[in-house]
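Numbering (full-length UniProt numbering), first residue to last: 1 to 85.
So, in structure tokens, the structure goes:
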């Protein structure tokens, strides 16, 4: 996509987001694990998570700086996206 088209798309996208801000609420559930709290999850919190009306970080350990809530089942990188099949 050309840069000018991307900028136009971004402006249109931002105006739609602002217009519908009170109509749609977005909850972001972010599953993480302790090894990535500083390297990934903190960057998510500082970037796209701010666009959510509410965001929750779930991890196998509580992290006050990140705001991560401890879950019952321990999370590991290989099991974050595991399906039940």
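Note that the Cβ used here is the ideal one computed from N, Cα and C, for glycine as well.
Test item: CB-CB of residue i and residue j under 8 Å
i: residue 26; j: residue 53; result: yes
i: residue 41; j: residue 28; result: no
i: residue 59; j: residue 37; result: yes
Residue(s) in a DSSP beta bridge with residue i
i: residue 54; result: 27
Assigned secondary structure, residue i (DSSP; H/G/I helix, E/B strand, else coil)
i: residue 72; result: coil
i: residue 59; result: strand
i: residue 36; result: helix
Range covered by the alpha helix (DSSP H) that runs through residue i
i: residue 43; result: 42-46
With 16 other Cβ atoms within 10 Å as the buried cut-off, status of residue i
i: residue 66; result: buried
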